[in-house]
Amino acid sequence: MTPAEIPFLPASELAAAIRAREVSAIEAVDAYLARIDAVGDKLNAYITVMTDEARADAERLDADASAGNFRGPLHGVPVGVKDQVYAAGTRTTDGSKIRADFVPDTDATVVAKLKAAGAVIIGKTNMSEFAMGDPISSWFGPARNPWDTNRNPGTSSTGSGSATAGFLCATSLGEDTGGSIRGPAANCGLVGIRPTWGRVSRAGVDGASWSTDTIGPISRTVTDCALTLGVIAGHDPKDRYSRTEPAPDYLDGLDGGVRGMRIGVVQELMGGHGLSLNEQSRDAVAAAAEVFRELGAEVVPVSLPMAAVTGPIVRTITSTERVSLNPEWLRERFEDYHPNTRVAFAVGNLIPGQVYYKALKLRALVRRQVIEAFRNVDLLIQPTSTGPAGLLADEPAVIDNKEMAAAALREGSFRGLYSLSGCPALSIPCGFTSDGAGALPLALQIGGPHLGEAKIFQAAYAYEQATPWHERRPPEL
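Quick note on our numbering: the sequence shown kicks off at 1481 and runs consecutively.
Here's what the structure looks like:
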């Protein structure tokens, strides 16, 4: 195996090669650093590349391996981490000028767990400023989509999607408030899961919305995604909202198939209902439903009447909660925000208390509908987004009319069911816009009941193995 081939291995295969002593940790890190040097400027996926720290960690891991001490399932595997997640001694910027020089002195719990499992943190990935859903607001410039560098890699975990799809890390961590793991996974042709709310600790993570924020992996395969989640999941006393149930081994039973599963297709998100669903996306999800049927699942239509309006509910709640975190910055450093963030935060600061309260009541209705649906089906499927990645050039400097605002809110409805209900949901590629040059990924979303990640992974793996979409690479990288 040549150094140039190493970054193209799935994380699980790279970990196996390191354990078999076919590749060393330092060889893996140096191969990724070389690739970052070669193509990193095209993607702007990283805010900070941790060259010295990563190489030093890799050398220590190799010494451990020589002594027969393999730390865990990600021993020697380079991982990218979204830049709102603390890594001790490394700046954590939130993609903002306001935090450009902040250096935490402790690791976030998820970073500590990655290190305990042997992972090498190779860099802090770019992101929308303060995790807002805007692809161009980072103080460090926008991250770019490896499938077409003129396109949006998905927000707000822009760099995690870009770096993973561009083979600049083996797997990565994102943070999902209203869809910030699933959106980048969809736009970049990746697998990303928003776990059950509370399944993964948020200690040491700069928040966006306390009642919806969730940390999770963005990976190139279902196996890598399950492996990464297994490392970071579990109770953490530092996070008072952390679930106490032990996390299972998500790799166990991954190949169990879907025969006998009952899978519901959310009808309100398959076209109409005021949502501008791309025809190719709709057809790709419909074709995915047929794949599940051919694999032995029972596929049935399911109606969730609130589904098509979850975007405005999510945005009301998250906008109100995020501006409550550091209100002094709005007063004292207003001009230091990106113009788009400035407008979004100023508007969020004006949302009346009774509107927030009404959104919470609507959230309870959505949650009830989702939980009730899972009494009758094992899983739900639907599009992850309205269509393929949009052009960055088409993103407005400011949303300055009602039509633009309404379109942005409608897009959020494709992911809002799970942000509001706290249930897990995974995005996986389900097709491309064409077979030729310029093809862009299309995405399927698979949702499950609370703590239902294992069943989601099982269905996603069956679908992945039955289809060719995970085998395609960005054309120019």
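C-beta atoms are modelled at their ideal positions from N, C-alpha and C, and glycine is treated no differently.
Note that this is a predicted model, so its numbers are computed, not measured.
Limits of the unbroken beta strand (DSSP E) element including residue i
i, result
"residue 1823", "From DSSP, residue 1823 is part of no beta strand (DSSP E) but of the alpha helix (DSSP H) over 1819-1828."
"residue 1742", "1742-1746"
"residue 1605", "1600-1605"
"residue 1862", "1859-1863"
"residue 1580", "Premise fails: residue 1580 is in no beta strand (DSSP E) and is neither H nor E."
"residue 1923", "1921-1927"
"residue 1694", "1694-1699"
"residue 1910", "1905-1912"
7 Å CB neighbourhood of residue i in its chain, flanking five on each side removed
i, result
"residue 1958", "Nothing can be reported for residue 1958: it is not among the residues displayed for the chain, which extend from 1481 to 1957."
"residue 1542", "1504, 1505, 1506"
"residue 1928", "1859, 1903, 1904, 1935, 1936"
"residue 1588", "1565, 1566, 1683, 1684, 1685"
Extent of the continuous alpha helix (DSSP H) to which residue i belongs
i, result
"residue 1796", "1790-1803"
"residue 1557", "That residue, residue 1557, is in no alpha helix (DSSP H); it is neither H nor E in DSSP."
"residue 1517", "1505-1523"
"residue 1494", "1491-1499"
"residue 1842", "1833-1853"
"residue 1762", "1759-1774"
Whether residue i touches residue j by CB criterion (7 Å)
i, j, result
"residue 1675", "residue 1645", "no"
"residue 1682", "residue 1719", "yes"
"residue 1864", "residue 1666", "yes"
"residue 1491", "residue 1638", "no"
"residue 1771", "residue 1946", "yes"
"residue 1586", "residue 1608", "no"
"residue 1632", "residue 1870", "yes"
"residue 1828", "residue 1799", "yes"
"residue 1702", "residue 1951", "no"
"residue 1659", "residue 1562", "no"
Close-in-space but distant-in-sequence residues of the same chain around residue i (CB under 8 Å, 5 per side omitted)
i, result
"residue 1501", "1545"
"residue 1483", "1507, 1510, 1511, 1514"
"residue 1866", "1755, 1756, 1757, 1758, 1761, 1890, 1891, 1894"
"residue 1620", "1524, 1527, 1573, 1575, 1606"
Cβ shell of residue i (< 6 Å), same chain only, five flanking positions each side left out
i, result
"residue 1723", "1678, 1679"
"residue 1715", "1722, 1724"
"residue 1780", "1744"
"residue 1551", "1598"
Cβ separation of residue i and residue j, assumed to be a contact under 8 Å, to the nearest whole Å
i, j, result
"residue 1664", "residue 1641", "3 Å"
"residue 1913", "residue 1868", "5 Å"
"residue 1795", "residue 1889", "6 Å"
"residue 1797", "residue 1839", "5 Å"
"residue 1737", "residue 1942", "5 Å"
"residue 1857", "residue 1742", "5 Å"
"residue 1616", "residue 1872", "6 Å"
Determine, using beta-carbon pairs with one atom in the stretch 1560-1574 and one in the stretch 1600-1610, whether at least three such pairs fall under 8 Å. yes
Quick check: the stretch 1724-1734 against the stretch 1762-1771, are at least 3 beta-carbon pairs closer than 8 Å? The stretch 1762-1771, when compared against the stretch 1724-1734, does not touch it at the 8 Å Cβ threshold.
Three or more C-beta pairs closer than 8 Å, one from the stretch 1918-1927 and one from the stretch 1751-1764: is that the case here? yes
Does the stretch 1807-1815 come within contact of the stretch 1701-1710, defined as at least 3 CB pairs closer than 8 Å? no
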